[in-house]
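Notes follow once the structure below has been shown.
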Amino acid sequence: MADPRRPRTWWTFPLTQAVFCYAVYNGFEWVRSQVEGSRAQSIIHARQIISTERFLHIFHEARVEHWILPCAPLCNVKATAHLNEYAIRFWNIYYGLMHFAVPALVLIYLYHWQFDRYRLWRNTAGFMLAISLLGFWLYPVLPPRLLAVHFGFFDASHFGGWGAIGKAEAGPMANAFAAMPSLHIGWSTWCACAAVPVVRNRVAKVLLILHPIVTFFAVVITANHYILDGIGGLVTLALGYLVARAVTRAPADGAEKSPPAASDTYPDPMTTAPRAPG
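Under our numbering, the first residue of the sequence shown carries the number 1168, and numbering increases by one thereafter.
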């Protein structure tokens, strides 16, 4: 059954929320495209990140990519072994597809089953996007795959995947230097934080916990982000959550609040049917 705490108003109607979320994300993409820094700036900042990672002894991104692409940084796509080609294509697909699919599924789940939690984490996502724009504007960073060859990276997008893997560099919403913070890490961790506490199916819970870990591997192995970009994504998510907690209005008495049940959770559609009242 759906969450009885969800108010029946035009604003909470599914189509209204879907249009709102879609509009916010498209607005974010448009603003991101307008704050693109210069390539010269992005190279300077990329070198700063690399220097910091070397100081911290965590500059291992090229080594990780070499696990899948031993030919990097001088790969010949047509001459690459099929096993390596299929492996990197899998990670390209994971990088391009799951970034959109999993957050959408989590939002739908929370909207239907945990509406109060949906409001908080929807707002968290919005503030995370807004804060990330400051990073893209103030600190443009060239991603590893676009660095000079001597850094040891190969642009894995040449192997293809799901859709336009190199979307950041083409089209009206382009921003090739929006690497810091990594929203792939921000979104994947958002999914885990938003859904794991309320999902009761163990398999789904484990997959959600693994999602940010696998995503972190995907963004590094495809040379789309530095390790520090991922840390930046986590910080951006944390800040977005703090702002959302501060501004998200608590449910009003009556309309959005119902007396708590024996357990303050609602049945998960992936579990057995709820017991009949007795």
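From the three backbone atoms N, C-alpha and C, an ideal C-beta is built for every residue, glycine too.
Computed from a predicted structure; not experimentally measured.
Endpoints, the alpha helix (DSSP H) within which residue i is located
i: Q1208; result: R1206 to L1223
i: G1302; result: F1282 to L1305
i: R1230; result: E1228 to I1235
i: C1188; result: P1181 to Q1201
7 Å CB neighbourhood of residue i in its chain, flanking five on each side removed
i: H1266; result: H1351 and W1354
i: H1233; result: A1239
i: D1420; result: Only weak support exists for where D1420 lies, its pLDDT of 44 falling under 50; the value from the coordinates is given anyway. Hits under 7 Å: none found.
i: I1447; result: Any answer about residue 1447 is impossible in this case: the structure gives the chain only from 1168 up to 1445.
i: K1334; result: Only weak support exists for where K1334 lies, its pLDDT of 49 falling under 50; the coordinates are left without a value.
i: T1415; result: R1286, L1287 and N1290
DSSP-derived helix/strand/coil call for residue i
i: V1363; result: coil
i: C1358; result: helix
i: H1317; result: helix
i: V1387; result: helix
i: D1396; result: helix
i: N1251; result: helix
i: F1341; result: Correcting the residue identity first, residue 1341 is Ala in this sequence and not Phe. Coil, per DSSP.
i: R1416; result: coil
i: M1347; result: coil
i: V1308; result: coil
i: L1375; result: helix
i: G1407; result: helix
i: R1240; result: One point to set straight first is that residue 1240 is Pro, not Arg, in the sequence displayed. Correct three-state label for P1240: coil.
i: N1259; result: helix
i: G1327; result: coil
Contacts around residue i, its chain only, beta-carbon distance under 6 Å, and the 5 residues preceding and following it disregarded
i: G1204; result: P1307 and F1344
i: Y1262; result: A1385 and T1389
i: V1316; result: P1240
i: M1347; result: G1302, Y1306, V1308, D1396 and G1399
i: G1319; result: A1229 and P1240
i: I1210; result: L1309
i: W1258; result: A1385, I1388 and T1389
i: T1382; result: H1351 and S1355
Cutoff 8 Å; reference residue i; Cβ partners in own chain excluding five residues on either side
i: L1182; result: none
i: T1465; result: Residue 1465 cannot be examined here, being either before or after the span of the chain that is shown, 1168 to 1445.
i: Q1201; result: none
i: V1191; result: G1293 and L1296
i: C1242; result: L1236, F1321 and H1325
i: A1254; result: I1235
i: L1300; result: F1195, V1198, R1199 and V1202
Requested in this report: Kindly confirm or deny that the region 1390-1406 and the region 1211-1223 touch, where touching means at least three C-beta pairs closer than 8 Å.
Outcome: Contact check between the region 1390-1406 and the region 1211-1223: three or more CB pairs, one atom from each, fall below 8 Å, which counts as touching.
Query raised in the report: When the Cβ atoms of the region 1317-1326 are set against those of the region 1365-1381, are three or more pairs found closer than 8 Å?
Result: The region 1317-1326, when compared against the region 1365-1381, does not touch it at the 8 Å Cβ threshold.
Query raised in the report: For the 8 Å Cβ check, are there 3 or more pairs between the region 1278-1291 and the region 1410-1417?
Result: Touching, yes, given that three or more Cβ pairs across the two stretches are closer than 8 Å.
Query - Meets three-Cβ-pair contact criterion under 8 Å: the region 1245-1254 and the region 1357-1373 - result: Touching, no, given that fewer than three Cβ pairs across the two stretches are closer than 8 Å.
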